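A.B. asks: Here you go, one structure.
Shown next, in the form of structure tokens:
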């Protein structure tokens, strides 16, 4: 499996952006996709990764994409049957997707991005600069191009991306443990019915990053184990979560979107300012940040059950992210500076000396309580698996590769969410790079032990029916 070629690709492959994820993804694609090196081009905004690209003999162009020049720069690089892999920040995903549709080229990204400044533009409503709003902009292209077209997969890295496939695998595992034999659903409606039958009420994307670096964070510096600009951008967006049908009390600063699929809500606060309780196998219970992510919307939407026009079932879904401790310190400093990013930024890579990234889907409310299914990779294993990676980037790179391979094998599938892909095939491609992949049951719930050290107005007998809804 280590050197297996999953697909032969005759077209051209264009990277837009080549930060830590791009650098980590390239060796995996070269290892598992059969295509000539001279058919690959990297188009990026700065010189990061140039040495890595030169090591493989890949063409490297430093030219930032803007609203004014992206068509001119990409026009000669893409045509029918080619592939645009967008791993950039501050470049509009909607613009690139529409351009790819006009060209007949495939497309994948790890996050739906607006143009520079779009996440915090005060002239745009919080709803429309949210991930919900950005996803609705992409979904509108399905109506604009109703007859299908080249495969376009927005938001397919680790999370969003692999997390959607772990949810499905987790549901199958729970169903088989409870009912022994369970057929794998064949449609969106059947998957939603299975989740409802099992009684899954809440799905967390539960992540704990324990990687440690030397030197660590310095004063007036923001450090992270993946893109600093990407993380600060999404951390500054409105806090978002898929909103389940079991919820009885609405958050005081919550807002409904007044358009689209109506599967999610948002809070009038930056996601990096909101803490939530979650659980991961190695960490146990922890406080994470409720960072907006595409999976919070797409998973909640995918597992919605409707009877006529009435929604009768939907799980609450959100990200619960505890980044590495150096990044937590960076967030604290950032919030104290009114969310103004310092000039000094650093992605932790070679200076990481130890630690793991544990990331998975935590499915709660069913008969077995809670079940976590996902990946645990330590830094030493990540470096052995593929060059230019840490424990975080290799999970994202594996998800990118799984999505790219699936798209190349299904080149005319149109615009899809990660949830629409064949989860078994994507995980088959990605799993060799995900370290220890496992499922763990736990009795943990978000109200367990909440009367210590001070009493709270919560009913621990039913953790899924809150007397008072709290996100912290």
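Residue numbers (the numbering used here): 46 to 517.
Yeah, the Cβ is synthetic: ideal placement off N, Cα and C, and Gly gets one too.
All figures in this text were calculated on a predicted structure; none of them were measured in a lab.
Using 7 Å as the threshold, is the C-beta distance between residue 250 and residue 364 below it?
C.D. replies: Here residue 250 refers to the residue found at position 205 of the chain shown. Here residue 364 refers to the residue found at position 319 of the chain shown. Taking 7 Å as the Cβ cut-off, residue 250 and residue 364 qualify as a contacting pair.
A.B. asks: When you compare the stretch 302-313 with the stretch 273-281, are there three or more beta-carbon pairs, one atom per stretch, that lie closer than 8 Å?
C.D. replies: No, the stretch 302-313 does not touch the stretch 273-281.
A.B. asks: Tell me, to the nearest whole angstrom, how far the beta carbon of residue 245 is from that of residue 408; I am working on the premise that it is less than 8 Å.
C.D. replies: Taking the first residue of the chain shown as 1, we reach residue 245 at position 200. Taking the first residue of the chain shown as 1, we reach residue 408 at position 363. Confirmed, Cβ separation roughly 5 Å.
A.B. asks: Counting Cβ pairs, one atom from each stretch, are 3 or more of them under 8 Å apart for the stretch 80-97 and the stretch 460-476?
C.D. replies: At 8 Å Cβ cutoff, the stretches do not touch.
A.B. asks: For chain C, is any of its Cβ atoms less than 7 Å away from the one on residue 272?
C.D. replies: Among the chains in the structure shown there is no chain C, since it carries only a single protein chain.
A.B. asks: Check whether the stretch 390-407 and the stretch 261-271 touch, using three or more Cβ-Cβ pairs below 8 Å as the test.
C.D. replies: Contact between the stretch 390-407 and the stretch 261-271 is present, because at least three Cβ pairs lie under 8 Å.
A.B. asks: When you compare the CB positions of residue 349 and residue 356, do they come within less than 7 Å of one another, or not?
C.D. replies: Your numbering for residue 349 matches position 304 in the chain shown. Your numbering for residue 356 matches position 311 in the chain shown. Contact flag set, yes.
A.B. asks: Would DSSP call residue 268 helix, strand or coil?
C.D. replies: Position 223 of the chain shown, counted from the first residue, corresponds to residue 268. Looking at residue 268 - three-state DSSP - the assignment turns out to be strand.
A.B. asks: With H, G and I counted as helix, E and B as strand and the rest as coil, what does DSSP make of residue 366?
C.D. replies: As a position in the chain shown, residue 366 is number 321, starting the count at 1. Strand.
A.B. asks: Could you give the C-beta distance for residue 305 and residue 177, rounded to a whole number, given that I count them as a contact under 8 Å?
C.D. replies: Mapped onto the chain shown, residue 305 falls at position 260. Mapped onto the chain shown, residue 177 falls at position 132. The Cβ separation is near 7 Å, so the contact holds.
A.B. asks: Where does residue 28 fall in DSSP's three states?
C.D. replies: In the structure as shown, the chain starts at 46 and stops at 517, and residue 28 therefore has no counterpart that could be examined.
A.B. asks: DSSP three-state label for residue 318, please.
C.D. replies: The sequence position of residue 318 within the chain shown is 273, counting from 1. Helix, per DSSP.
A.B. asks: Report the partner residues of residue 480 according to the DSSP bridge assignment.
C.D. replies: Here the question's residue 480 lines up with position 435 in the chain shown. Its beta-bridge partners are 421.
A.B. asks: Considering Cα atoms alone, identify which of 471, 488, 481, 459 is closest to residue 188.
C.D. replies: Against the chain shown, residue 188 aligns to sequence position 143. The candidate whose alpha carbon is nearest that of residue 188 is 459.
A.B. asks: Starting from the C-beta of residue 74, find all residues in its chain whose C-beta is less than 7 Å away, skip the five residues before and the five after it, and write them out in chain order.
C.D. replies: By 1-based counting over the chain shown, the position of residue 74 is 29. Result list for residue 74: 446, 449, in chain order.
A.B. asks: Would DSSP call residue 433 helix, strand or coil?
C.D. replies: For this step, residue 433 is matched to residue 388 along the chain shown. Here residue 433 sits in coil by DSSP.
A.B. asks: Checking 7 Å against the spacing of the C-beta atoms, do residue 419 and residue 288 come in under that value?
C.D. replies: Walking along the chain shown from the start, residue 419 turns up at place 374. Walking along the chain shown from the start, residue 288 turns up at place 243. No, the pair does not count as a contact, with Cβ atoms beyond the cut-off.
A.B. asks: Between residue 50 and the rest of its own chain, which residues show a CB-CB distance below 8 Å, the 5 nearest in sequence each way excluded?
C.D. replies: Numbered from 1 along the chain shown, position 5 holds the residue referred to as residue 50. Answer for residue 50: 77, 78, 79, listed in chain order.
A.B. asks: I'd like to check one pair, residue 280 with residue 316: are the Cβ atoms closer than 7 Å?
C.D. replies: Numbered from its first residue, the chain shown carries residue 316 at position 271. Numbered from its first residue, the chain shown carries residue 280 at position 235. Result yes, Cβ atoms of residue 316 and residue 280 sit closer than 7 Å.
A.B. asks: Quick one: complete alpha helix (DSSP H) runs, 4+ long, within the stretch 203-257?
C.D. replies: Complete alpha helix (DSSP H) runs here, min 4: 207-224, 233-243.
A.B. asks: Measuring straight from C-alpha to C-alpha, what distance separates residue 514 and residue 144?
C.D. replies: Here residue 514 is taken as the residue at index 469 of the chain shown, counted from 1. Here residue 144 is taken as the residue at index 99 of the chain shown, counted from 1. Bear in mind that the predicted position of residue 514 carries a pLDDT of just 40, short of 50, making it unreliable; the figure below should be weighed with that in mind. Approximately 43 Å, taken between the alpha carbons.
A.B. asks: With residue 423 and residue 484 assumed to form a contact (beta carbons below 8 Å), what rounded beta-carbon distance in angstroms separates them?
C.D. replies: Translated into the one-based positions of the chain shown, residue 423 becomes position 378. Translated into the one-based positions of the chain shown, residue 484 becomes position 439. In fact, because the Cβ distance is near 19 Å, the residues do not count as touching under 8 Å.
A.B. asks: Using a Cβ-based criterion (distance less than 6 Å to any ligand heavy atom), does residue 237 qualify as near the ligand HEM?
C.D. replies: This structure lacks the ligand HEM; in fact it carries no ligand of any kind.
A.B. asks: Please report how far the alpha carbon of residue 329 lies from the alpha carbon of residue 416, in whole angstroms.
C.D. replies: Stepping through the chain shown from its first residue, residue 329 is reached at position 284. Stepping through the chain shown from its first residue, residue 416 is reached at position 371. Using only the alpha carbons, I get a separation of about 13 Å.
A.B. asks: For the stretch 425-435 against the stretch 190-202, do three or more pairs of beta-carbon atoms, one drawn from each stretch, fall closer than 8 Å, so that the two count as touching?
C.D. replies: The stretch 425-435, when compared against the stretch 190-202, does not touch it at the 8 Å Cβ threshold.
A.B. asks: Within this structure, are the beta carbons of residue 123 and residue 148 separated by less than 7 Å?
C.D. replies: Translated into positions along the chain shown, residue 123 becomes position 78. Translated into positions along the chain shown, residue 148 becomes position 103. The answer is yes: Cβ separation under 7 Å.
A.B. asks: Tell me which residues share the same chain as residue 142 and place their Cβ nearer than 8 Å to its Cβ, disregarding the 5 neighbours each side in the sequence.
C.D. replies: For the purposes of this step, residue 142 is taken as residue 97 along the chain shown, with counting starting at 1. Around residue 142: 152, 183, 186, 197, 199, 460.
A.B. asks: So which of 335, 358, 336, 203 has the shortest CA-CA distance to residue 346?
C.D. replies: Position 301 of the chain shown holds residue 346. The candidate whose alpha carbon is nearest that of residue 346 is 358.
A.B. asks: Can you grab the Cα-Cα spacing for the pair residue 106 / residue 87, in whole Å?
C.D. replies: The residue you call residue 106 lines up with position 61 of the chain shown. The residue you call residue 87 lines up with position 42 of the chain shown. Distance between the alpha carbons of residue 106 and residue 87: 6 Å.
A.B. asks: If you run the structure through DSSP and keep just helix, strand and coil, what is residue 457?
C.D. replies: As a first step, residue 457 is located in the chain shown; it is residue number 412 there, counting from the start. Three-state DSSP puts residue 457 in coil, outside helix and strand.
A.B. asks: Which full runs of the beta strand (DSSP E) of 3+ residues lie inside the stretch 119-199, going along the chain?
C.D. replies: For the stretch 119-199, whole beta strand (DSSP E) runs of length 3 or above, ordered along the chain, are 128-131, 151-154.
A.B. asks: For my contact list, residue 411 and residue 208 are in at a C-beta cut-off of 8 Å; report their separation, rounded to the angstrom.
C.D. replies: In the chain shown, counting from the first residue as 1, residue 411 sits at position 366. In the chain shown, counting from the first residue as 1, residue 208 sits at position 163. Going by Cβ atoms, the distance from residue 411 to residue 208 rounds to 18 Å, so no, they are not a contact pair.
A.B. asks: Quick one: what does DSSP say residue 371 is sitting in, helix, strand or coil?
C.D. replies: Position 326 of the chain shown, counted from the first residue, corresponds to residue 371. If DSSP states are grouped into helix, strand and coil, residue 371 belongs with the helices.
A.B. asks: Could you check which residue in 127, 115, 373 has the C-alpha nearest to that of residue 135?
C.D. replies: Residue mapping note: residue 135 aligns to position 90 of the chain shown, counting from 1. Answer by Cα proximity: 115.
A.B. asks: Taking only three categories from DSSP, how would you classify residue 497?
C.D. replies: As a working mapping, residue 497 is identified with position 452 in the chain shown. Residue 497: coil per DSSP, three-state reduction.
A.B. asks: Taking the alpha carbon of residue 474 as the point to measure from, which residue in 456, 443, 489, 230 has its own alpha carbon closest?
C.D. replies: As a working note, residue 474 is residue 429 in the chain shown. Selected option, being the one with the closest Cα: 443.
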